[in-house]
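Listed in order, the protein sequences are those of chains A and B.
Sequential numbering from 1 applies to the first sequence in the working numbering.
Sequential numbering from 1001 applies to the second sequence in the working numbering.
Shown next, in structure tokens, is the structure this report addresses.
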Amino acid sequence: MAESLAVEPIVETRSLTRHFPVRRGVWGRPTAHVRAVEDVSLQILPGETLGVVGESGCGKTTLGRLILRLLDATSGEVYFRGRNLGELEARQMRNVRRRMQIVFQDPYSSLNPRMRVGTLIGEGLKVHGMARGRQVADRVEELLAMVGLSASAAERFPHEFSGGQRQRIGIARALAVKPEFVVADEPVSALDVSVQAQIVNLLQDIQQDLGLTYLFIAHDLSVVRHIADRVAVMYLGRVVELATRDQLYGAPSHPYTRALLSAVPVPNPDVRRQRVVLTGDVPSPSRVPSGCPFHPRCPEAIDACRREVPELADPGDGRRVACLLRVSSPEDGDSGGGFAPAPSQTHQES
Amino acid sequence: MSAADAARASIMEVRDLRTSFHTAVGEGRAVDGVSFHLDRGETLGLVGESGCGKSVTALSILRLVAPPGRIEGGKVVLSGRDLLGLTEKDMRRVRGDEVAMVFQEPMSSLNPVLTCGRQIEEAVQLHQGGSRQGARSRAVEMMDLVGMPAPEQRVDEFPHQLSGGMRQRVMIAIALSCNPQVLIADEPTTALDVTIQAQILELLARLQEELHMAILLITHDLGVVAEVADRVAVMYAGQIVETATTKALFADPRHPYTRGLLRSIPHLDGEQRRLEVIPGRVPEATEFPPGCRFHPRCLLAEEACAAAPQSLEECLIGHQVRCRRWDVDG
Chain A
1 MAESLAVEPI VETRSLTRHF PVRRGVWGRP TAHVRAVEDV SLQILPGETL
51 GVVGESGCGK TTLGRLILRL LDATSGEVYF RGRNLGELEA RQMRNVRRRM
101 QIVFQDPYSS LNPRMRVGTL IGEGLKVHGM ARGRQVADRV EELLAMVGLS
151 ASAAERFPHE FSGGQRQRIG IARALAVKPE FVVADEPVSA LDVSVQAQIV
201 NLLQDIQQDL GLTYLFIAHD LSVVRHIADR VAVMYLGRVV ELATRDQLYG
251 APSHPYTRAL LSAVPVPNPD VRRQRVVLTG DVPSPSRVPS GCPFHPRCPE
301 AIDACRREVP ELADPGDGRR VACLLRVSSP EDGDSGGGFA PAPSQTHQES
Chain B
1001 MSAADAARAS IMEVRDLRTS FHTAVGEGRA VDGVSFHLDR GETLGLVGES
1051 GCGKSVTALS ILRLVAPPGR IEGGKVVLSG RDLLGLTEKD MRRVRGDEVA
1101 MVFQEPMSSL NPVLTCGRQI EEAVQLHQGG SRQGARSRAV EMMDLVGMPA
1151 PEQRVDEFPH QLSGGMRQRV MIAIALSCNP QVLIADEPTT ALDVTIQAQI
1201 LELLARLQEE LHMAILLITH DLGVVAEVAD RVAVMYAGQI VETATTKALF
1251 ADPRHPYTRG LLRSIPHLDG EQRRLEVIPG RVPEATEFPP GCRFHPRCLL
1301 AEEACAAAPQ SLEECLIGHQ VRCRRWDVDG
């Protein structure tokens, strides 16, 4: 967690946007655009875990891929350690790729079924020239031990492992090249609850030991609360709230965040919460509503919400919220920066 | 409650149900001696992790288990008849009419080339006969009942034109079109986003109230169970390991597996602490350990636990547990 504002972010996005064209027919011209990610500006600080939550189609996975440049942005920039990734030469980009890794959601489809686990984990080491021959095998053994698998796993194939064990292999593979920043895209959502806890703990231990920074993408709000220092809530491609974990879960501000949190079933039959049940479905990201994208489902929407796109701005407590009703003057301070300072810094209300 | 009382209130009774899968690697006893009853108007939550046998239990009740799976024994008593003893023809009449089922994935369980309305009409005509016209108005009525906006138009839409939440509403409309006494809902909200899940759970609760049906809710989500179930049965490795009222189960879980599950889930409130884990993983159906099936993963296990199978026994009134050491805390 950041102690002061002086810390330089490890990753920063500025107005990051990605639209996918929708074509009709084989050679058809684009008839519409899916606005997967729209104007996302945020900073990820060294050593922290930034959680990204939202429902299917909100753009959270696309955001992760844009940051890693597995996808190119339509507009906007990604900075890694202060360098604009869009301006790097291929050779420099290769070096950066080693330092940013990803753990995928589905441990069944993300591991090549024809490769032995040892080869899978050691592949990156060879590609990046980090180890040769016997060194590779030693490092693989070390990585397997780190993720709680026995050394004999190296000789086996992915199908011989359970879902949880495969996710351990995926984590070992990501860690092999000693990254500084890891995007974990729904790393536990395909796993059973008892196994999920094992993987969450493993990710936390590794972060502590290696000083990693995580972008943790998930739809499960309870898991994100457990692992994240700060949380970004996405809706239809936009970040609608960005706050510290305690702010977000203690007192959610954006009407969408409130509805989302109140919708989570609580494993305690004695708790009966006030539930905000949203009407309707999430609109398709190819037909994003005008104004605030949440206004058609928002229980608090006013007339202005239909016309104005709210800026992500500070409502006065250091977090960022994109809601006309929460932030009276959008020109408050450096709005749109998308970065909530550490809670120790009390923010001056203007 | 005496056995006679239980029989009076209960609408369905499953006794010693056993279903096996015969594969090259041996017999997998996916459901191994499952017994429970379902009372009129109540919701029983059947909880467990993947591979525990909860879905096979549901399919066995409706006799929809496909080879290499086979129902090996037991009884499913509904209104005084054993469903497992019915002819296939009689059984077909039971499915949909008396016992209906809603599946997890609405897209793959709806027919993609028929309109939503037609699929409801089909069910109505099959079970209740009557005219096409009558069936159609019933379809519109059902779509309205499940909260579908503009039902007169939506009956003519195809499943792919609807969102996941709307498709699940159509599934529920089909399932309820013949007023079943029992609804089996197998992970009905697992594929849905939380805000849509909240809508569907609310819908099921409202419909249960209006139609007085019993619901067997199968889920892996302890949060969902806590919110909607009256009673809970926890399954592990093909057996029920604990069953109690929802209140009692969450307040005072007695089986080490139930406790482990409850401790391993992160919460939305309360203090942050390291998640507790259940070591190891769920065994495959072909390799269940001898004795108590949970003993290799159990922190309370002692030698005797591995020696002989443990039966499900009443530890408190209305609270049954399959553990020799249920009275040990920890």
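We put the CB at the ideal spot given by N, CA and C, even for glycine.
Taking 8 Å as the threshold (beta carbon to beta carbon), is residue i in contact with chain B?
{"i": "Val266/A", "result": "yes"}
{"i": "Gly431/A", "result": "For residue 431/A there is no data in the structure shown, the boundaries of chain A being 1 and 350."}
{"i": "Arg275/A", "result": "yes"}
{"i": "Ala322/A", "result": "no"}
{"i": "Pro343/A", "result": "Residue placement at Pro343/A is poorly supported in this model, since its pLDDT is 38, which falls under 50; the coordinates still yield a value, given next. No, no contact with chain B."}
{"i": "Arg225/A", "result": "yes"}
{"i": "Gln198/A", "result": "yes"}
{"i": "Tyr235/A", "result": "no"}
{"i": "His128/A", "result": "no"}
{"i": "Glu331/A", "result": "Unreliable placement is indicated for Glu331/A, whose pLDDT of 46 sits below 50; the coordinate value is still reported in the next sentence. Not closer than 8 Å to any Cβ of chain B, the Cβ of Glu331/A fails to qualify, so no."}
{"i": "Pro293/A", "result": "no"}
{"i": "Pro289/A", "result": "no"}
{"i": "Ala259/A", "result": "yes"}
Name, please, each residue of chain A whose Cβ falls closer than 7 Å to the Cβ of residue i.
{"i": "Glu1242/B", "result": "Chain A residues near Glu1242/B: none, gap ~15 Å exceeds 7 Å."}
{"i": "Ala1198/B", "result": "Ala263, Arg275 and Val277"}
{"i": "Gly1165/B", "result": "Asp281"}
{"i": "Arg1274/B", "result": "Asn201"}
{"i": "Arg1281/B", "result": "Ser162, Gly164 and Val195"}
Going along chain B in order, which residues have a C-beta closer than 9 Å to the C-beta of residue i?
{"i": "Ala77/A", "result": "In the sequence under discussion, the amino acid at residue 77/A is Glu, which differs from the Ala named in the question. The contacting residues do not exist; Glu77/A stays about 30 Å from chain B at best."}
{"i": "Ser222/A", "result": "Gly1223, Ile1265, Pro1266, His1267 and Leu1268"}
{"i": "Ala176/A", "result": "None at all; the shortest Cβ gap to chain B is about 24 Å."}
Suppose the cutoff is 6 Å on Cβ atoms and the five residues either side in sequence are ignored; what does the same chain contact list for residue i look like?
{"i": "Gln167/A", "result": "Pro107 and Ile199"}
{"i": "Pro255/A", "result": "Cys298 and Glu300"}
{"i": "His1022/B", "result": "Pro1068"}
{"i": "Gly59/A", "result": "Ala36, Val37, Met234 and Gly237"}
{"i": "Leu50/A", "result": "Ile44, Leu215 and Arg230"}
{"i": "Pro1188/B", "result": "Val1102"}
{"i": "Leu248/A", "result": "Val231"}
{"i": "Pro252/A", "result": "Arg258 and Leu261"}
Within 8 Å (strictly less), CB to CB, does residue i reach chain A?
{"i": "Pro1266/B", "result": "yes"}
{"i": "Arg1081/B", "result": "no"}
{"i": "Thr1246/B", "result": "yes"}
{"i": "Ser1002/B", "result": "Note that Ser1002/B scores 48 on pLDDT, short of 50, meaning its location in the model is unreliable; the coordinates nonetheless yield the value given after this. No, because no Cβ of chain A sits closer than 8 Å to the Cβ of Ser1002/B."}
{"i": "Phe1158/B", "result": "no"}
{"i": "Phe1103/B", "result": "no"}
{"i": "Glu1049/B", "result": "yes"}
{"i": "Glu1013/B", "result": "no"}
{"i": "Gly1260/B", "result": "yes"}
What does residue i pair with, by DSSP beta-bridge criteria?
{"i": "Met1012/B", "result": "Leu1038/B and Leu1078/B"}
{"i": "Ser152/A", "result": "Answer by DSSP bridge pairing: none, since Ser152/A is not bridged."}
{"i": "Ser1020/B", "result": "Arg1070/B"}
{"i": "Leu68/A", "result": "DSSP output for Leu68/A lists no bridge partner at all."}
{"i": "Gly1026/B", "result": "Thr1023/B"}
{"i": "Pro21/A", "result": "His33/A"}
{"i": "Ser75/A", "result": "Thr17/A"}
For a contact defined as C-beta to C-beta under 8 Å, what are the partners of residue i on chain A?
{"i": "His1220/B", "result": "Asp192 and Val193"}
{"i": "Val1224/B", "result": "Pro265"}
{"i": "Asp1193/B", "result": "Glu55, Ser56, His219 and Val282"}
Which same chain residues, not among the five before or five after residue i, have their C-beta less than 8 Å away from its C-beta?
{"i": "Ala1318/B", "result": "Reading off the sequence shown, one finds Gly at residue 1318/B, where the question assumed Ala. Counting only Cβ-Cβ distances below 8 Å, and skipping sequence neighbours, we find Met1001, Ala1244, Thr1245 and Ala1248."}
{"i": "Ser364/A", "result": "Outside the shown range of chain A (1 to 350) lies residue 364/A, about which nothing can therefore be said."}
{"i": "Glu155/A", "result": "Arg116, Val117 and Gly118"}
{"i": "Gly57/A", "result": "Leu236, Val282, Ser284 and Pro285"}
Starting from the beta carbon of residue i, find every residue of chain B whose beta carbon is closer than 7 Å, and list them in chain order.
{"i": "Asp72/A", "result": "Result: empty, since nearest Cβ-Cβ is about 28 Å, beyond 7 Å."}
{"i": "Pro269/A", "result": "Ala1226, Thr1246, Lys1247 and Phe1250"}
{"i": "Tyr249/A", "result": "Leu1268"}
Closer than 7 Å by C-beta to residue i: which residues in its own chain qualify, once you throw out the five before and the five after it? Chain order, please.
{"i": "Ala1135/B", "result": "Glu1121, Val1124 and Gln1125"}
{"i": "Leu221/A", "result": "Val53, Leu260, Leu261 and Val264"}
{"i": "Glu1013/B", "result": "His1037 and Val1077"}
How would you list, in chain order, the residues of chain B whose beta-carbon sits under 8 Å from the beta-carbon of residue i?
{"i": "Ser110/A", "result": "The premise fails here: Ser110/A is roughly 19 Å from chain B at the closest Cβ pair, so nothing lies under 8 Å."}
{"i": "Leu372/A", "result": "As displayed, chain A neither begins before 1 nor continues past 350, which places residue 372/A out of reach and without an answer."}
**OP:** Count the C-beta pairs between the stretch 55-73 of chain A and the stretch 216-226 of chain A that are closer than 8 Å, then say yes if the count reaches three, no if not.
**Re:** Contact check between the stretch 55-73 of chain A and the stretch 216-226 of chain A: three or more CB pairs, one atom from each, fall below 8 Å, which counts as touching.
Subject >> Validate contact between the stretch 8-23 of chain A and the stretch 65-82 of chain A using beta carbons, cut 8 Å, 3 pairs >> reply: Short answer: they touch.
Original post:
Would the stretch 1246-1266 of chain B and the stretch 1009-1018 of chain B be scored as touching if the rule is three or more Cβ pairs under 8 Å?
Top reply: In short, these stretches do not touch, since the Cβ pair count stays below three.
Original post:
Is the number of C-beta pairs between the stretch 227-238 of chain A and the stretch 1164-1176 of chain B that are closer than 8 Å three or more?
Top reply: Touching, no, given that fewer than three Cβ pairs across the two stretches are closer than 8 Å.
**OP:** Would you check if there are 3 or more beta carbon pairs closer than 8 Å linking the stretch 172-191 of chain A to the stretch 114-133 of chain A?
**Re:** The count of Cβ pairs closer than 8 Å, one atom from the stretch 172-191 of chain A and one from the stretch 114-133 of chain A, reaches three, so the stretches are in contact.
Subject >> the stretch 314-324 of chain A contacting the stretch 240-250 of chain A, beta-carbon criterion three pairs below 8 Å >> reply: By the Cβ rule, the stretch 314-324 of chain A counts as touching the stretch 240-250 of chain A, because three or more pairs are nearer than 8 Å.
**OP:** Would you be able to state if there are at least three C-beta pairs under 8 Å between the stretch 1076-1090 of chain B and the stretch 1259-1271 of chain B?
**Re:** By the Cβ rule, the stretch 1259-1271 of chain B does not count as touching the stretch 1076-1090 of chain B, because fewer than three pairs are nearer than 8 Å.
**OP:** Decide yes or no for the touch test of the stretch 21-31 of chain A against the stretch 84-102 of chain A: beta carbon pairs closer than 8 Å, at least 3 of them.
**Re:** They do not touch, by the three-pair rule.
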